[in-house]
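Numbering (our numbering), first residue to last: 2 to 378.
Glycine residues also receive a C-beta, built at the ideal position from the N, C-alpha and C atoms.
Each remark here refers to the structure printed beneath this line.
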Amino acid sequence: MKRFCVKTEVYFDSGALEYLTLLDNRRALVITDPFMVQAGFADTLIHILKTSVEDYRLFTGVQPDPPVEAVAAGVKEYLAFRPDLIIALGGGSTIDAAKSILLFARQHAGNADDGGKPLFIAIPTTSGTGSEVTSYSVMTLGDTKIPLVSQDIIPDVAILDAAFLRTVPPQITADTAIDALTHAIEAYVSSEHSDYTDALCEKTVELIFDYLLRAYRSGDDLEARERLHNASCLAGMAFTNAALGITHSMAHTLGGHFHLPHGRANAVLLPHIIEYNADLESGGESRAATRYCKLARRLHLPASTVAEGVASLVSAVRALQKLTGTPASLEAAGIDREAYEALLPALSQAALKDKCTAANPREVNVQQLEQLFRKVY
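Shown next, in the form of structure tokens:
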């Protein structure tokens with residue numbers, strides 16, 4: 002038996018932020034980062050929020066790849082304020098931090114939390130993680146990324162307003178969109194995929210190939226921004242149901258050790274993992290290869306045979322890399338060779354143990370992972 006569930010209510014397109022005027026809550030805890038304050042986005046949110054809540058507090062202690070210390074500070078703020086509304090305003094790190102804060106604060110409060118679970122609203126300001134609709138969160142302890150998975154941390158509401166995206170720099174636009182593309186491609190070939198997630202993945206891939214370059218070249222192209230925002234959310238719905246694969250397993254440990262932006266790590270890894278999973282060298286046509294070919298045909302790429310379809314999809318991903326100035330190797334991304342090679346055994350072991358590895362369409366062992374890590378450098 003399989004299960005498909007989309008819990009989050011999604012408001013999207015121009016004016017979506019006006020949903021906040023419909024709220025009937027007393028105390029709102031807004032979780033964000035310093036940039037959102039400096040850019041004036043937090044003020045925009047609070048100006049609307051003041052019309053519908055009695056009191057609010059602003060927690061601005063979120064950092065990229067949220068460390069446990071930042072989460073602990075947020076838990077302390079939650080317990081002191083006891084909100085009945087939580088709003089996460091920011092990129093994937095902010096939404097992940099809010100999820101972790103909510104989970105641990107509720108666990109700490111226990112029976113004393115008489116008001117029940119607060120309404121949880123996520124407002125993403127990048128188009129990539131899909132965290133606004135997923136049961137996943139990641140926080141960082143030292144060099145280790147700690148994944149959290151719980152139905153209790155799925156936001157109740159997601160607000161997708163492209164007005165927050167105008168100032169996202171081109172490279173972050175590319176990094177985050179390729180993260181969403183990776184979500185869709187991995188969920189599409191995952192051992193847990195279904196007809197429901199397939200439809201979401203196919204639409205995501207089409208939207209990203211149609212609109213990424215437009216958004217990359219012109220941040221003010223609101224149509225392109227909105228479509229990428231939708232694609233990111235759709236991919237989140239897909240992978241929270243179908244899971245991911247070793248692209249993410251490897252990216253998680255790379256990010257933890259080298260602080261490489263998550264989307265950029267995925268971009269470097271993805272073409273190589275497609276080739277590994279397709280396993281064309283074996284002489285057969287694996288299930289993963291057949292599905293990669295199907296995606297290539299959805300994109301109207303050359304795919305008269307399965308092998309040609311896989312090669313076309315890999316080439317299309319690499320073309321996106323090149324056109325967006327995204328590094329094609331870890332060396333080009335600035336990772337020191339000596340430090341990298343010294344960590345290869347640890348990286349490979351961590352990737353093998355990562356929760357994303359379980360749903361990868363092709364089995365993998367620690368030696369194969371080390372070979373892949375060497376290949377992508």
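Top-ranked residue by Cα proximity to glycine 246, from Ala40, Ser192, Phe210: Ser192
Span of the beta strand (DSSP E), counted from its first residue to its last, around arginine 58: 54 to 60
Assumed close pair tyrosine 12, valine 134 - CB separation to whole angstroms, cut-off 8 Å: In fact, because the Cβ distance is near 12 Å, the residues do not count as touching under 8 Å.
Neighbourhood of lysine 354 by C-beta distance below 7 Å, restricted to the same chain and skipping five residues each side: none
Segment contact flag, the region 238 to 257 with the region 357 to 376, C-beta cutoff 8 Å, min 3 pairs: yes
Integer-rounded CB distance, given that histidine 230 should sit under 8 Å from alanine 379: Residue 379 lies beyond the range of the chain shown here (2 to 378); nothing can be said about it.
Sequence-distant residues of the same chain with beta carbon closer than 6 Å to leucine 182, five excluded per side: Ile209
Residues near threonine 205 in its chain [Cβ-Cβ closer than 6 Å; skip 5 each side]: Ala185, Ala232, Leu235, Ala236
Among Thr241, Val377, His48, Val311, nearest to leucine 331 - alpha-carbon criterion: Val377
Sequence-distant residues of its chain with Cβ nearer than 6 Å to lysine 8 (five each side left out): Ile155
Exposed unless 16 or more other CB atoms sit within 10 angstroms - verdict on asparagine 242: buried
For aspartate 87, the nearest candidate out of Pro65, Ile147, Asp25, Val139 (CA to CA): Position check: residue 87 holds isoleucine in this sequence, whereas aspartate was assumed. Ranking the options by Cα distance to isoleucine 87, first place goes to Asp25.
Cutoff 8 Å; reference threonine 168; Cβ partners in own chain excluding five residues on either side: Ala40, Gly220
Three or more C-beta pairs below 8 Å linking the region 64 to 76 and the region 94 to 103: yes
Residues that leucine 235 bridges to, as DSSP identifies them: Answer is none; leucine 235 lacks a bridge partner.
Distance CB(threonine 33)-CB(alanine 43) smaller than 7 Å: yes
Bridge partner(s) assigned by DSSP for phenylalanine 13: Leu161
Member of Ala290, His258, Pro262, Glu364 whose CA lies at the smallest distance from the CA of alanine 343: His258
Continuous alpha helix (DSSP H) assignments of at least 4 residues falling wholly in the region 258 to 344: 263 to 279, 288 to 299, 307 to 324
Status (buried if at least 16 other CB within 10 Å, exposed otherwise) for phenylalanine 140: For the record, residue 140 in the displayed sequence is methionine; it is not phenylalanine. Buried, by the Cβ-count rule.
Residue ranges of each alpha helix (DSSP H) within the region 139 to 213, 4 or longer: 171 to 190
Inter-stretch contact (C-beta, 8 Å, three-pair minimum) for the region 289 to 297 and the region 268 to 279: yes
For leucine 245, three-class secondary structure by DSSP: coil
Unbroken alpha helix (DSSP H) run spanning alanine 71, endpoints: 69 to 82
Three-state class that DSSP yields for valine 31 in the structure shown: strand
Cβ neighbours of alanine 308 in the same chain (closer than 7 Å, five flanking residues each side left out): Leu281
Among Gln322, Gly285, Asp211, the one whose alpha carbon lies nearest that of alanine 266: Gln322
Cβ-based neighbour list, alanine 329, same chain, cut-off 6 Å, excluding 5 preceding and 5 following: Gln322
Identity of the residues DSSP links to leucine 104 by a beta bridge: Its beta-bridge partners do not exist; DSSP assigns none.
Span of the beta strand (DSSP E), counted from its first residue to its last, around leucine 86: 86 to 91
Proximity below 7 Å, CB of tyrosine 391 to CB of arginine 228: Summary: the structure shown does not reach residue 391, with the chain confined to residues 2 through 378, and so no result is reported for it.
Where the beta strand (DSSP E) containing leucine 120 begins and where it ends: 120 to 125
Through-space distance from methionine 251 to alanine 304, alpha-carbon basis: 28 Å
Beta-carbon separation (whole angstroms), glutamine 160 vs leucine 18, contact threshold 8 Å: Here residue 160 turns out to be isoleucine, not glutamine, going by the sequence shown. About 6 Å separates the two Cβ atoms, so the contact holds.
Below-7 Å beta-carbon distance, valine 269 vs any chain B residue: Considering every chain present, this structure includes no chain B. It has just one protein chain.
Three-state secondary structure (DSSP) of tyrosine 137: strand
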